[in-house]
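Report on the following structure.
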Amino acid sequence: MCVEATPPPSSRLTRRGVLAGAAALAGTMAAATAAGPATAATSSSASTVDTRRSGGSLLIRGGSLLDPATGAVVEDAVVLIVDGTVRAAGPRASVTVPRGVEVLDAHGRWILPGLIDTHIHLSTAAEARDAVRKGATSARSGSTSFYQDIAVRELARHSPALAPRLTAAGVFVTPDLGDTVLADPDLTPLARLKEGVRSAEALRRVVEVNLARGADVIKTRVNERAGLPEQDPLAQVYSHEQLSEIVAAARRRGKGVLCHSYSEQGCHDAVTAGIRSLEHGAFVGERTLGEMRRRGTFFTPTLTAIAGLAESADPVLAERGRTYLPVLKRAVLAGYELGVPLAAGTDSSGGTVRPIGREVELMRAAGLPPLAAIRTATTGAARLLGLERTAGRLARGFTGDAILVDGDPLTDVTVLKQPVRVVRAGIPL
Numbered sequence: 000m001c002v003e004a005t006p007p008p009s010s011r012l013t014r015r016g017v018l019a020g021a022a023a024l025a026g027t028m029a030a031a032t033a034a035g036p037a038t039a040a041t042s043s044s045a046s047t048v049d050t051r052r053s054g055g056s057l058l059i060r061g062g063s064l065l066d067p068a069t070g071a072v073v074e075d076a077v078v079l080i081v082d083g084t085v086r087a088a089g090p091r092a093s094v095t096v097p098r099g100v101e102v103l104d105a106h107g108r109w110i111l112p113g114l115i116d117t118h119i120h121l122s123t124a125a126e127a128r129d130a131v132r133k134g135a136t137s138a139r140s141g142s143t144s145f146y147q148d149i150a151v152r153e154l155a156r157h158s159p160a161l162a163p164r165l166t167a168a169g170v171f172v173t174p175d176l177g178d179t180v181l182a183d184p185d186l187t188p189l190a191r192l193k194e195g196v197r198s199a200e201a202l203r204r205v206v207e208v209n210l211a212r213g214a215d216v217i218k219t220r221v222n223e224r225a226g227l228p229e230q231d232p233l234a235q236v237y238s239h240e241q242l243s244e245i246v247a248a249a250r251r252r253g254k255g256v257l258c259h260s261y262s263e264q265g266c267h268d269a270v271t272a273g274i275r276s277l278e279h280g281a282f283v284g285e286r287t288l289g290e291m292r293r294r295g296t297f298f299t300p301t302l303t304a305i306a307g308l309a310e311s312a313d314p315v316l317a318e319r320g321r322t323y324l325p326v327l328k329r330a331v332l333a334g335y336e337l338g339v340p341l342a343a344g345t346d347s348s349g350g351t352v353r354p355i356g357r358e359v360e361l362m363r364a365a366g367l368p369p370l371a372a373i374r375t376a377t378t379g380a381a382r383l384l385g386l387e388r389t390a391g392r393l394a395r396g397f398t399g400d401a402i403l404v405d406g407d408p409l410t411d412v413t414v415l416k417q418p419v420r421v422v423r424a425g426i427p428l
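Going by numbering that gives the first Met the number 0, the sequence shown opens with residue 0, and the numbers climb by one from there.
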């Protein structure tokens, strides 16, 4: 079947319907309503939602403030957040506090910017809420089956306490779309392709439909899945040429591509095709890491997910996890030493949201210094998502996302796994 002659998808006519359908699947309509009339959407069109009051005003007072960008620590610090944005941060004496602002006492605790999970699958409002409460105030989707992440992104914009600020990936660009062909009428013709989504026309089609529906990035794969015992994670499903088609289609709309990968050859093909970030990458070699350093390609190893395989009840998956984890840790350390940019991601999915602090812990276990490990979930992750001027730090003009932890994360990063308090856009949770 040829899909080249099919008219391009209409974003104007169908994006509203896609958002409404995805919102129903994700449960975000109920969540927005539960948030109260001041934050609930009043129209099915996201563009009509009033976001001017979506942030709160708060003074975080006392505690030790860590700036991941510099490593500087301010004792007895204050962070002033007004309308969801940091107005001032620093020593108590240096900040003038307006009257009537709610105060959150942080004495005896450490204050850090909200963490960023750059690879997570959020398909429901409950998962989104869980991610925020575990410290991930910003995130990047690793794709969903029916555009639920796009609806979660809209939920976060008007009800920030209910979801992390989300970069949505839409649906997976993969040879076998499965039931995802039912996510969109413009995808259903692809079900007739005997070889699946492999031709240049079919690959471009899935990218174009994703972007028309509002995806911020494109997610694809070069290898099969590690989490399915019947699949071989080292088997390659797309060639360098096919990956290049996906990257080119995304770039025409100014979007980047994240790529699920495991084998060295697959990793190399993906990186040289121009992807923005390499996901998993257990067997990435020095040749490819060097190419990543040269190109500025990010490495999102999702150590948490691989460690989770080792705990599986399935013997195939458990052995796979035990084998892959030490290899991946060595790759992470090699990438760090070469200067490859690293980003933290849990690859949480299926209703289980793992704390992003666990990924920082595993980055540290791989050999990164504590501050470098923290940066993978703050400043480094923000740079990958294009949020380096708004997230990853608590400084004037940045978003008012913060976590409070018991203990010094520069001594023990495991404290990041259990934030004592989370603040999302100036709203204490």
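We treat Cβ as the ideally placed atom computed from N, Cα and C, and that holds for glycine.
In the region 66-123, which residue ranges form an unbroken beta strand (DSSP E) of at least 3 residues, counting only runs that do not cross its ends?
-> 76-81, 84-90, 101-104, 109-112, 114-119
Could you name the residues of the same chain whose beta carbon sits closer than 6 Å to that of valine 331, not counting the 5 residues immediately before and after it, in chain order?
-> Pro300, Ala365
Inside the region 206-256 only - alpha helix (DSSP H) runs reaching at least 4 residues = 239-250
Kindly list the residues whose CB is nearer than 8 Å to the CB of proline 36, restricted to its own chain and excluding five residues on each side of it in sequence; keep chain order.
-> Unreliable placement is indicated for proline 36, whose pLDDT of 41 sits below 50; no coordinate value is reported for it.
Determine the closest residue to leucine 181 out of Leu161, Val208, Asp405, with distance taken between C-alpha atoms.
-> Val208
Opposing strand residues paired with cysteine 266 [DSSP bridges] = DSSP, once it has assigned bridges, lists no residue as partnering cysteine 266.
Pick from Ile217, Lys218, Val216, Gln235 that is closest to alanine 225, judged by C-alpha positions = Nearest of Ile217, Lys218, Val216, Gln235 to alanine 225, Cα basis: Gln235.
Classify arginine 321 as helix, strand or coil using the three-state DSSP reduction.
-> helix
Taking the C-alpha atoms as reference points, what is the distance between aspartate 405 and glutamate 240?
-> 50 Å
Do you know offhand how far threonine 143's Cα is from alanine 124's?
-> If you take the alpha carbons of threonine 143 and alanine 124, they lie about 13 Å apart.
Taking the CB atoms as reference points, tell me whether valine 352 and aspartate 129 lie closer together than 8 Å.
-> For valine 352 and aspartate 129, yes; Cβs fall inside 8 Å.
Top-ranked residue by Cα proximity to alanine 312, from Leu227, Leu103, Glu290 = Leu227
Beta bridge counterpart(s) of arginine 164 as assigned by DSSP = Ser137
Cβ of leucine 384 within 8 Å of Cβ of glycine 334?
-> Between leucine 384 and glycine 334, the CB-CB gap reaches or exceeds 8 Å.
Looking at the unbroken beta strand (DSSP E) that takes in leucine 428, where does it start and where does it end?
-> That residue, leucine 428, is in no beta strand (DSSP E); it is neither H nor E in DSSP.
Drop a sphere of 10 angstroms on the beta-carbon of valine 315, count the other beta-carbons inside from all chains shown, and report buried for 16 or more, exposed for fewer.
-> exposed
Starting from glutamate 447, trace the beta strand (DSSP E) both ways and give me its first and last residue.
-> Nothing can be reported for residue 447, as the shown portion of the chain is limited to 0 through 428.
Who are the Cβ neighbours of glutamate 72 in its own chain at under 6 Å, not counting the five residues just before and after it?
-> Note that residue 72 is valine in the sequence shown, not glutamate. If we look at valine 72 and ignore the five residues flanking it on each side, its Cβ neighbours are Ser63, Leu65.
Report yes if the CB atom of alanine 401 is closer than 8 Å to the CB atom of leucine 111, and no otherwise.
-> yes
Extent of the continuous beta strand (DSSP E) run through valine 404 = 401-404
Cβ shell of threonine 136 (< 6 Å), same chain only, five flanking positions each side left out | Gly113, Pro163, Asp400, Arg423
Buried versus exposed, by CB contacts within 10 Å (16 or more), proline 408 | Buried, since its Cβ has 16 or more Cβ neighbours within 10 Å.
Closest residue to threonine 296 among Arg319, Ala317, Leu393, Ala272 (Cα-Cα distance) = If we check each option's Cα against that of threonine 296, Ala272 comes out closest.
Kindly indicate which three-state DSSP category valine 352 falls into: helix, strand or coil?
-> coil
Tell me which same chain residues have a C-beta within less than 6 Å of the C-beta of glycine 284, skipping the five on either side of it?
-> Glu263
How is arginine 388 classed by DSSP in three states: helix, strand or coil?
-> If DSSP states are grouped into helix, strand and coil, arginine 388 belongs with coil.
For valine 412, name the three-state secondary structure that DSSP assigns.
-> helix
Under a three-way DSSP split, which group does arginine 294 fall into?
-> helix
For threonine 117, I'd like the list of residues in its chain whose CB is within less than 6 Å of its CB, leaving aside the five on either flank, ordered along the chain.
-> Arg139, Thr299, Ala342, Gly344, Ala380, Leu383
Give the range of the beta strand (DSSP E) segment to which valine 430 is assigned.
-> Residue 430 is absent from the structure shown; the chain starts at 0 and stops at 428.
Excluding sequence positions up to five away, which residues of its chain have a Cβ less than 6 Å from the Cβ of tyrosine 237?
-> Val221
According to the neighbour-count rule (16 or more other Cβ atoms, all chains shown, within 10 Å of its Cβ), is valine 421 buried or exposed?
-> Buried: at least 16 other Cβ atoms inside 10 Å.
Helix, strand or coil: how does DSSP classify threonine 41 here?
-> Confidence at threonine 41 is low in this model, with a pLDDT of 33, below 50, so its placement is unreliable and no value can be given for it.
Under the DSSP definition of a beta bridge, which residues are partnered with isoleucine 59?
-> Val78, Leu103
Of the listed residues Ala281, Leu277, Phe282, Asp104, nearest to arginine 294 (C-alpha basis) | Leu277
Tell me which same chain residues have a C-beta within less than 6 Å of the C-beta of lysine 328, skipping the five on either side of it?
-> Ala365
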